[in-house]
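Here is the structure we will look at, set down as structure tokens.
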Amino acid sequence: MRDKDILWPTDFSDTASHALGYAIDMANHYKVGLRILHVVDQPVADASYQLLIVTPEELAQSMEKAAADSMHKLLAQLDTSLHVETIIRRGDPVEEILTEAKDADVGMIVLASHGRSGLSHFLNTNVSEEIANKAICPVLVVK
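Written out as structure tokens, the structure reads:
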């Protein structure tokens with residue numbers, strides 16, 4: 001873990017941004033790089049509704065462009081000398097985060113928790129919980 005990059009998945013929310021500070025601190029502490037990952041959900045459409053003016057593919061491309069714009073803004077605000085790599089993937093966030101962590105052989109995943117509790121917790125698993133349970137590397141979940 002001590003010589004491998006830190007993976008910080010983000011949805012560009014304030015909660016995720018809070019975890020970025022921890023990811024940078026960990027990367028600085030271990031003198032490793034930072035990998036920033038954003039996953040665009042694959043849009044789904046039902047032909048019977050026929051409400052989409054654009055195809056699901058066009059919508060996904062638009063979402064990827066918006067994510068790239070957000071990533072550029074984030075990088076412009078980032079004040080670090082770390083080696084930073086950005087990745088935008090399309091698909092299920094849990095699957096894509098786990099795949100990136102494995103393929104890039106990261107040392108740790110640092111991500112935000114959305115803090116579900118009670119009945120909501122049992123009915124809706126959250127991304128951070130699934131990542132923590134399924135990842136093969138250490139996971140730091142930031143509240």
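Residue numbers for the sequence shown follow full-length UniProt numbering, so the first one is 1 and each next one is one higher. Yeah, the Cβ is synthetic: ideal placement off N, Cα and C, and Gly gets one too.
Taking the Cβ atom as the reference point for each residue, do residue i and residue j lie within a distance shorter than 7 Å?
i	j	result
Val110	Ile36	no
Gly107	Lys4	yes
Lys34	Leu98	The residue asked about is misnamed: residue 34 is Leu in this sequence, not Lys. Contact: no.
Pro93	Val141	no
Cys137	Ala104	no
Quick one: is residue i buried, meaning 16 or more other Cβ sit within 10 Å of its Cβ, or exposed?
i	result
His38	buried
Ser62	exposed
Thr80	exposed
Glu95	exposed
Leu20	buried
Thr55	exposed
For residue i and residue j, which I take to be in contact (beta-carbon distance under 8 Å), what is that distance rounded to the nearest angstrom?
i	j	result
Val40	Ala67	6 Å
Ala112	Ala23	In fact, because the Cβ distance is near 10 Å, the residues do not count as touching under 8 Å.
Met71	Ile88	7 Å
Glu130	Arg90	Contact doesn't hold; Cβ gap of about 18 Å is too wide.
For chain D, check one thing: does any of its Cβ atoms lie closer than 7 Å to the Cβ of residue i?
i	result
Ile53	Judged by its chain identifiers, the structure shown contains no chain D, having just a single protein chain.
Three-state secondary structure (DSSP) at residue i?
i	result
Arg2	coil
Worksheet item: Where in the UniProt domain "UspA" (4-143) do unbroken runs of the beta strand (DSSP E), each at least 3 residues long, occur, reported from the N-terminal end onward?
Response: 6-9, 34-40, 84-90, 108-112 and 139-142
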